[in-house]
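Chains A and B are the protein sequences, given in the same order.
When the letters of the first sequence are read in order and numbered with the working numbering, they come out as residues -10 to 575.
When the letters of the second sequence are read in order and numbered with the working numbering, they come out as residues 697 to 998.
Yeah, the Cβ is synthetic: ideal placement off N, Cα and C, and Gly gets one too.
Only a predicted model underlies this, so the values are computations on that prediction, with no experimental measurement involved.
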Amino acid sequence: MKDGGVMKGLSVTDLRVEFYTDDGIVKAVDGVDFTVRPGVRTGFVGESGSGKTTTALALMGMIEPPGRVVSGQADLDGLDILSLTEEEFRQQRLATVSYIPQGAMNSLNPVARIETQILDGMADHGHHLRGSEAADRVAELLAQVDLPPNVGRMYPHELSGGMKQRACIAISIALGPRLLIADEPTSALDVITQRRVMETLGKVQETIGSSLILIGHDMGLMAQFVDEMMVMRDGKVVEHGDVADIFGSPEHAYTRQLIDAVPSLQRKPAAAPISSPRQDRPTDTPLLELDNVGKTYRKGRSRIEALKPLSFRLDGNKPRVIAVVGQSGSGKTTLGSLVLGFETVTQGTVRFDGENILRPGKDATSRFRREVQAIFQDPYASYNPFYKVDHVLSVPLRNFGVARGREEALGHMVEACHSVGLEPAQTIHRYAHQMSGGQRQRLMVGRAIMLKPRLLVADEPVSMVDASLRSIILGNLATMKAELGASVIYITHDLATAYEVADYVLVLHKGRVVEAGVPETVIGDPRHPYTKLLVDSIPWPDPNRHWGAGGTLDEEFAAVAQADLSEPTIIRDEVAGFQLGQGWTG
Amino acid sequence: MANADYQGAIEDWGTSARRWRTVSAYLKRNPSLVVGAILLLILAAVAIGGQAFIDYRDAAPLSNRPSRPPGADYPLGTDKFGRDLLAILVYGTFLTGKVGLVAGFLGVVIGAVLGFLAGFFRGITDTLISLFTDVLLTIPPLLVLVVIATNIPGKLDTDQMAIIISLLAWRQPTRQIRAQVLIMREAGYVKTAHLGGTSRLGIVFKELMPNLIPYLMASFVLAVATAMLASVGLEALGLGPQNEPTLGMTIYWVMLEGAFTTGLWWWWSTPLIALITLFVGLYLVSAGLDELANPRTRRRGA
């Protein structure tokens, strides 16, 4: 296999991949040339449809009909991998080139132990290990990805998302490949887990000395991780060079645009002036009031305290964007569900406009339903597959009596589409599965704007969309506050986006608020170890600002573990219109 | 172009012309539903329309000259007992269809109720219903039906036949509908509907039911096919209604009298063709409904 051991890296010339569809030929990759030097990390950046994943799949010999590699050479240490037959390619995969697909952690076999899956991958490529030899190799690989040896005996459902992703990395490096391709390896993970997985990936790549291609759309992650960067658009390379150079002086406008799409501390948009507060209701009643609200789940004997008693008050006359930040399991989604009335509190009271939402007065129910709207993380699940997408718009219009008659309803719907930049004619007669993820989420935002709520609960609305769309949707939220006077509870794991839109930030850890304040102080100068960990894990789009300025991940985890959970919330400062407190009764 | 059905004008949103165009465009994309429905409609036309021209008495023994080949007097010939096979085609298809429809309908109604109860209320209700269904699912149906049919005193008629078969026809629908309800009650669109001001009952009927209807229809078609198969099976064993000319009983007489060896090909080919058309039609409709039930599997393009 080692043909002289020449390490020249990968050099690709004139790669073209075409897809033959009903609508004609789509040139997914259109004449791409690049080299990846040995041991170098290269980032492929671009939005969905830019050809970055297709380029990687071509290098893995995984282009399926109707797609076809039309031309090109890919020379990896003297071997033209594009000229290989199907069987030859099968032998090279994992041994020479290894690919970690997007959402790899979900492709683990649910009924096989991790060690079996690692050994299966090796056996498939002719390395049959048995007994202690196999056990040693599994332990060694798991140690390389910072997993304890007992993970080998576990099944995928016993592991967290980050651990599963690291197990996938262990499988992909089992045969010491010379080129490792990772396709958005952290797209579904929160920032802290993302940092851990990326650190593991970087360490492993240095240990085995391979080249690495990281595919992604997150410029921040690129700045933190890769050495060189290749920006792609419409199947062509727009820009390729050293990361520091590209971030320092991007040559192409598109690169600039991608960099600007990342929320960053330096570029906080000027606070939009708040137009006149809504006058349609007496403003001395608080809009939303949580009075010692807690939620405990019981499963058999065990009790899980998802949200420890929390009180806050959001005034009715000053629209505010309140960010609730934390990792999965911090209780942030539980808080959102309690506010929406989807789950019942185990203690305390949630009041909207002065009325307990669980025991509302006569006409309060319909007012609550109409004035509190939500946007969820997964826009696809929010649409009923039986109906076309107009259903989510027309139903509330009818139920709330907003529109009388077909034409008036249509008018509102057209306006909703326009408000988020969708073309009504190409939207309302479609099914959800006929739209892209970004279009679906934009329409959900349009729906929220159309209903003019006074309170919007946005639960991770941008964690599943591209970077450029992310800033558009965050802009929509800001507009809702400024023009409609709506308050927003913005639930996220991403402090950077919270910084961009929020007036006030609550950092939630294990069901309790550990730190609260305006974003400039909480994110600019965090005090609580957990907030520090979150802030340190933000992948800043600046190659000179490194992850882990506050110490290694392990040191920071230790500091968080030491922090006293019974300590009161660190309240940094206050903002008019929002009070965090210890219960309001009496 | 691929996107023809939703591109272009939107002024006609919500009008009946728009709806009709959507339906016809859909049917063009789902040929198995159309072909299956046409086959079943032809059989229904023969079985129901034919009754206006053909006398029921022609399907009784000794009503005509026996063993006549197809010809001018008897288009499909007569059997050894003097039954007109055209009359058997008309009334036999009708009776077999009736047994299948009645048994399938009862099965799906019972199954839908049990499945909805189990899936919606969960807990102990679900445990009991699921346990009962699972145990019964392990028993071969024909065995049970033979035992029941042989123990019915007196002569069976087709209505009793349908009820006997429906005793076991609800098992698969119960499981299918329970599984669907369990999945759907957690769906994100239930939350969206809730936020849109739809009531609890509205969510059940306007959001969940429409998604369930294709499953109900598909499992109805499947239950009808299963019930017909069971009835034909019982009748071919001689356990059916002795005095009614169902397709299955005709097969029984064919086997009993050795129609294959005595050269009366028209005797066995008539019920056989009717049964094949029936089952192929049911299969195609069921495949077409499956496509309707899973929009994600729909092929793009017009």
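Under 8 Å by beta carbon: chain B residues contacting residue i
i        : result
SER371/A : GLY884, TYR885, LYS887, THR888
GLN362/A : LEU891
Per DSSP, cross-strand counterpart(s) of residue i
i        : result
LYS288/A : SER291/A
TYR576/A : Examination of residue 576/A is not possible in this model, given that chain A is present from -10 through 575 alone.
ASP448/A : ILE480/A
ASN345/A : ARG340/A
ALA505/A : LEU495/A, ILE560/A
ILE14/A  : TYR9/A
ILE204/A : PHE33/A, ASP172/A
LYS225/A : ARG222/A
ALA312/A : TYR479/A, VAL494/A
Contact with chain C by residue i, beta-carbon distance below 8 Å
i      : result
PHE8/A : Any reference to chain C falls outside this structure, whose protein chains are A and B.
Cβ neighbour criterion (16 or more within 10 Å) applied to residue i
i        : result
PRO941/B : buried
LYS192/A : exposed
TRP962/B : buried
LEU495/A : buried
ARG459/A : buried
ILE820/B : exposed
PHE956/B : exposed
ILE560/A : exposed
THR31/A  : buried
THR42/A  : buried
TYR752/B : exposed
ALA768/B : exposed
LEU891/B : buried
ARG348/A : exposed
TRP949/B : buried
LYS377/A : buried
ALA443/A : In the sequence as presented, Ala is not what sits at residue 443/A; that position holds Arg. That one is buried.
ARG715/B : exposed
Cutoff 7 Å; reference residue i; Cβ partners in own chain excluding five residues on either side
i        : result
ARG185/A : GLY151, LEU542
THR789/B : LEU739, VAL742, ALA743, LEU943, ALA970
ALA914/B : SER982, LEU985, ASP986, ALA989
THR510/A : ARG561, ASP562
VAL731/B : LEU980
ILE263/A : For ILE263/A, the pLDDT reaches just 48, beneath the cut-off of 50, and the residue's location in the model is therefore unreliable, leaving the point undetermined.
Proximal residues to residue i (C-beta, below 6 Å), its chain only, five neighbours per side dropped
i        : result
VAL446/A : GLY325, VAL328, LEU329, ALA363, ILE478
VAL127/A : GLU104, ILE107, GLY141
ARG256/A : Low confidence applies to ARG256/A: its pLDDT is 49, below 50, so where it sits in the model is not reliable enough to give any reading.
GLY205/A : GLU173
ALA84/A  : HIS114, LEU164
PHE8/A   : VAL15, ALA17, PRO55, GLY56
ALA921/B : LEU978
ALA456/A : HIS206, ALA250
Contacts of residue i in chain B (Cβ-Cβ under 9 Å)
i        : result
TRP341/A : For clarity, residue 341/A is Phe in the given sequence; the question names Trp instead. Correct list: empty, because the minimum Cβ distance to chain B is about 13 Å.
PHE365/A : GLY884, LYS887, THR888
ARG431/A : Those do not exist, as ARG431/A stays about 15 Å from chain B at its closest Cβ, beyond 9 Å.
VAL381/A : TYR885, THR888, ALA889, GLY892
Chain-ordered chain A contacts of residue i [CB-CB under 9 Å]
i        : result
GLY815/B : Per Cβ cutoff of 9 Å: no residues; GLY815/B is ~17 Å from chain A at best.
Cross-chain neighbours of residue i in chain A, by beta carbon under 7 Å
i        : result
GLU903/B : ASN373
THR894/B : VAL384, ASN388
GLY796/B : The contacting residues do not exist; GLY796/B stays about 28 Å from chain A at best.
Where residue i meets chain A, residues with beta-carbon distance less than 8 Å
i        : result
PRO906/B : ASN373, PHE375, TYR376
Neighbour list for residue i in chain B, Cβ cutoff strictly below 7 Å
i        : result
SER355/A : GLY893
Any non-hydrogen atom of the ligand FAD closer than 7 Å to residue i Cβ
i        : result
ILE181/A : The model depicted lacks the ligand FAD and carries no ligand whatsoever.
Contacting residues, own chain, Cβ-Cβ under 8 Å from residue i (five flanking each side not counted)
i        : result
LEU904/B : VAL877, MET880, ARG881, VAL886
Across the region 397 to 417 of chain A and the region 347 to 362 of chain A, are there enough close Cβ pairs to call them in contact, namely three or more that are closer than 8 Å?
no
Take every Cβ of the region 329 to 345 of chain A, pair it with every Cβ of the region 713 to 724 of chain B, and state whether three or more of those distances are shorter than 8 Å.
no
Inter-stretch contact (C-beta, 8 Å, three-pair minimum) for the region 57 to 64 of chain A and the region 244 to 252 of chain A
no
Under 8 Å: do the region 771 to 781 of chain B and the region 790 to 797 of chain B share three or more Cβ pairs, one atom per stretch?
no
Should the region 492 to 507 of chain A be called in touch with the region 299 to 313 of chain A, which here means at least 3 C-beta pairs below 8 Å?
yes
Three or more C-beta pairs under 8 Å: does that hold for the region 208 to 219 of chain A against the region -4 to 6 of chain A?
no
When you compare the region 217 to 236 of chain A with the region 32 to 52 of chain A, are there three or more beta-carbon pairs, one atom per stretch, that lie closer than 8 Å?
yes
Tell me whether the region 798 to 812 of chain B and the region 859 to 871 of chain B touch, counting them as touching only if at least three CB pairs, one residue from each stretch, are closer than 8 Å.
yes
Would you say the region 364 to 371 of chain A touches the region 432 to 440 of chain A, given that touching needs at least three Cβ pairs under 8 Å?
yes
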